[in-house]
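A short write-up of the structure that comes next.
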């Protein structure tokens with residue numbers, strides 16, 4: 005039935021049973037909630053006309069349209085069996101900024117943090133700030149009436165939404181905005197759907213019995229987070245209310261009433277520049293909630309709770325271990341209390357007064373103060389990552405989004421939590437408590453096993469009993485995450501049957517046919533149906549080549565993805581994860597999509613080899629294996645590792661493609677090239693022969709190929725040792741002669757040896773095999789495993805803390821630290837871990853020596869020099885970039901500035917491949933290549949990765965240097 009629609013649809017439409025279409029439908033079958041249901045189709049509209057076409061189609065065929073932005077909803081709002089309409093790719097324009105009147109007009113796919121980045125030069129900002137603000141979009145924020153960390157001051161989306169252009173359920177376009185009584189009356193007289201809506205709503209909210217029911221059923225006025233049902237309590241007549249704005253109803257309606265195409269938002273001035281976080285430590289949760297009441301009297305910008313569960317999961321985490329610098333001892337709970345001020349003195353007055361009051365009340369045991377944008381951001385990231393961090397809990401019993409959005413007035417919070425804990429104790433459930441204490445809304449996530457029938461029933465009962473507590477305290481069933489299909493079933497228990505009937509009337513007025521996000525808020529299915537997991541389903545163990553025991557098994561690693569969508573941030577926010585999404589802006593190219601589709605097939609496949617599905621290959625295809633997700637994903641879902649494992653098993657069933665074999669066997673081809681290096685280099689640079697080679701292998705004709713040196717590094721070193729006089733050296737080190745340096749970047753290898761020797765070190769190249777990186781990148785894990793076993797056998801007894809293993813190329817050396825311990829045979833794991841602890845990039849080693857006083861800045865020039873540094877993805881992922889930055893700044897007047905780039909886009913062989921070349925260049929053009937082009941000719945460009953330097957050369961015609969080359973040239 006979609007064929008006719010396809011002929012006129014300007015965007016993208018996925019609906020049939022082909023591999024690509026089925027893959028997309030699976031990717032869109034879930035969000036950040038516990039729900040999963042495959043949609044009928046996925047539509048990515050390009051224009052407003054496309055949305056009109058979808059509305060006509062939905063009316064004709066009686067199907068539901070499910071509006072979707074970032075897909076970070078926690079109540080299943082964007083999960084269903086209709087047509088998912090994703091506006092995140094094309095509806096991304098900031099249309100108008102009015103600095104004087106302090107408002108902005110945007111399309112619904114604009115990301116909150118990206119919007120504020122654009123507003124910053126105007127001294128303005130959009131206030132509501134969810135923990136997902138780096139990817140949350142305005143359309144979704146309107147749908148959920150998002151609030152965020154600072155809602156007690158900056159308000160919710162409803163309070164900051166001035167106007168909205170929408171399409172009604174019949175396809176008519178209209179604008180919702182503040183109207184006076186006369187204008188409302190004129191609207192109600194219109195002979196169209198808009199007139200029916202205004203007339204019906206006006207009548208509904210003016211009936212005395214309805215007003216009484218609304219006042220009785222809705223939360224108390226002191227509760228600012230109130231998002232249960234439709235916001236009728238904001239529309240009923242009140243003294244002093246001069247205008248009527250249906251935007252109040254639109255906000256929090258979850259796409260069930262109208263389709264938003266544009267929004268006019270109220271803006272706020274940027275906050276004062278001076279900020280401080282008072283991180284109050286408590287010995288119990290109850291103590292923190294009592295302290296919260298005192299804290300609010302000091303009018304902070306935010307008062308946010310972090311519990312021990314979250315803090316414990318930061319320990320040993322590749323990113324968040326660094327972020328926990330402010331935590332003292334082992335607190336059961338923290339309250340992160342933020343203040344802004346114009347001066348540091350004013351700030352000190354505020355923080356001192358708070359601490360004094362808390363001490364006087366005997367609340368808290370430590371009160372560290374974090375100041376400065378950089379440090380406070382690190383601290384806040386611990387709180388914001390809560391949702392993902394607690395997904396690191398082992399086992400099938402996991403924290404669930406269930407009662408995490410219930411809100412009560414802050415003064416009622418201690419008693420409410422005490423009552424709720426009794427409910428949880430009755431079911432023998434533990435829970436994590438975190439988030440918006442200042443607003444009376446804690447994200448309370450009980451640990452429940454939803455893979456069992458018993459767990460599904462407990463899931464339901466806990467929400468049912470919590471709804472009664474919410475009613476007891478006149479609170480809100482939903483504060484900011486929405487009702488969706490999770491809480492909709494219990495709205496009538498909280499607001500009352502009379503109000504629930506009014507909500508259904510509202511839905512029928514706006515959407516009489518029921519095409520907009522059906523079965524959300526009202527008429528929802530039972531809340532424990534259509535979950536991600538089928539109860540009591542047995543899954544067969546999956547035999548893998550990598551050791552996944554740290555995550556329990558490969559399936560469990562995929563299940564750790566919470567769907568929080570951290571992988572959907574753009575280059576404006578920064579970071580490495582996820583370069584393919586940053587370039588394509590397609591959901592299927594996110595870390596989340598890759599984890600989800602693999603999880604679905606590993607759980608449900610009937611194949612003997614559960615990896616043997618083309619849909620997985622389709623979604624994995626644009627993964628650059630950058631490893632950004634290993635560190636930047638709060639749940640540490642390492643998709644590069646998952647992709648490599650998948651490819652090996654997929655090849656087992658379908659054979660290894662020719663190009664994959666050629667790339668994996670890179671070392672062998674370079675060995676052959678070294679027989680006639682001049683001839684080889686001529687052939688790969690000649691226009692005719694190089695194109696022939698590239699087309700034969702499947703490489704992009706626009707990409708240059710790496711030349712080989714006139715000798716290998718190993719051969720040069722042998723001659724060098726014979727010709728150089730023996731000198732006394734302070735220390736012996738072993739240099740890993742990786743396959744890229746040995747054949748292609750020989751001069752860099754030579755420079756490394758010279759630099760180390762000049763600094764007083766004896767350099768030995770031991771016997772070893774290639775790193776295996778090329779095999780890992782193409783998923784030939786069995787071959788990589790053989791090399792890993794051999795290298796560990798050859799090197800483990802040589803390498804010690806006193807005689808470390810140094811490497812030049814990050815992708816090769818860091819294999820020892822990352823993949824080897826989980827790839828080698830069991831009997832070699834201990835040796836592999838020993839080797840990993842003593843394997844360093846040259847820059848890391850040099851910095852250690854500087855810190856030990858073995859290398860002095862006086863050995864280097866005093867000439868002033870600007871160095872712009874691009875970090876290799878693996879350096880960023882494994883926290884190995886800072887040493888490079890610091891060692892390059894060792895020469896006294898060298899200034900090192902990090903280029904705020906993610907992945908360069910080359911990613912080993914990815915950027916060479918014809919079908920990936922365009923995406924590779926798009927990734928490079930996000931930040932790196934434009935930033936390099938802006939630099940003056942005398943600015944040095946530093947990049948440790950061979951692929952990174954190649955991408956910079958091809959994309960800008962600038963030569964980037966390895967850090968050791970810059971240090972060598974700086975020696976005096």
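Residue numbers (the working numbering): 5 to 976. Glycine included, each C-beta is placed from N, C-alpha and C at the ideal position.
With contacts defined by Cβ atoms closer than 8 Å, residue 44 and residue 58 do not form a contacting pair. Note that the C-beta distance between residue 34 and residue 83 is below 8 Å. Residue 273 sits in a strand when the DSSP states are folded into three classes. By the neighbour-count criterion, in which a residue is buried when 16 or more other Cβ atoms sit within 10 angstroms of its Cβ, residue 923 is buried. Within the same chain, 869, 870, 871, 872, 965 and 970 come within 8 Å of residue 944 by CB-CB distance, once the 5 residues on both sides are set aside.
Taking 8 Å as the cut-off, the Cβ atoms of residue 38 and residue 535 count as close.
Put simply, the segment 442-456 does not touch the segment 507-518. Fewer than three CB pairs are less than 8 Å apart.
Taking a C-beta distance under 8 Å as the contact criterion, residue 649 and residue 558 qualify as a contact pair.
By the neighbour-count definition (other C-beta atoms within 10 Å, threshold 16), residue 814 is a buried residue. Under the three-state reduction of DSSP output, residue 375 falls in the strand class. Less than 8 Å separates the beta-carbon of residue 818 from that of residue 878. Residue 191 and residue 145 have their C-alpha atoms spaced approximately 27 Å apart. One thing to note: residue 120 has its Cβ no nearer than 8 Å to the Cβ of residue 270. Taking one beta carbon from each stretch, the segment 644-664 and the segment 721-739 have fewer than 3 pairs nearer than 8 Å; the two do not touch. By the 16-neighbour rule on beta-carbons within 10 angstroms, residue 596 is buried.
Take the alpha-carbon of residue 507 and the one of residue 937: they are about 57 Å apart. Going by DSSP, residue 292 is part of the alpha helix (DSSP H) stretching over 289-300. Per DSSP, the continuous alpha helix (DSSP H) segment holding residue 671 begins and ends at 670-677. Counting along the chain, no alpha helix (DSSP H) covers residue 575, and no H or E run does either. Distance from the CA atom of residue 153 to the CA atom of residue 340, rounded to whole angstroms, is 10 Å.
Three or more Cβ pairs drawn from the segment 238-246 and the segment 208-227 lie within less than 8 Å of each other, which places the two stretches in contact. The beta carbon of residue 94 sits closer than 8 Å to those of 15, 48, 49, 50, 51 and 113, all from its chain and outside the five residues before and after it, given in chain order. DSSP, reduced to helix, strand and coil, places residue 311 within a strand of the structure shown. Annotation for residue 624: the continuous alpha helix (DSSP H) segment containing it runs 618-624. Residue 541 sits exposed, since fewer than 16 C-beta atoms from the chains shown fall within 10 Å of its C-beta. Pairing residue 876 with residue 946 gives a Cβ-Cβ distance that is not under 8 Å.
Between residue 749 and residue 960, the beta carbon gap of about 19 Å keeps them out of contact (Cβ cut-off 8 Å). Excluding five sequence positions before and after residue 282, the CB atoms of its chain that fall closer than 7 Å to its own CB belong to 341, 355, 358, 359, 371 and 373, given in chain order. In the assembly as shown, residue 304 is a buried residue. Its beta-carbon has 16 or more other beta-carbons within 10 Å. Shown here, residue 631 sits in coil according to DSSP, grouped into three states, outside any helix or strand. DSSP places residue 448 in the uninterrupted beta strand (DSSP E) bounded by 445-452. For residue 101, the enclosing beta strand (DSSP E) starts and ends at 98-102. Per DSSP, the continuous beta strand (DSSP E) segment holding residue 109 begins and ends at 107-110.
Ranked by Cα distance from residue 409, the first of 521, 571, 230 and 423 is 230. If you draw a straight line from the Cα of residue 810 to the Cα of residue 902, it comes to about 23 Å. In the DSSP assignment, residue 436 is bridged to 449.
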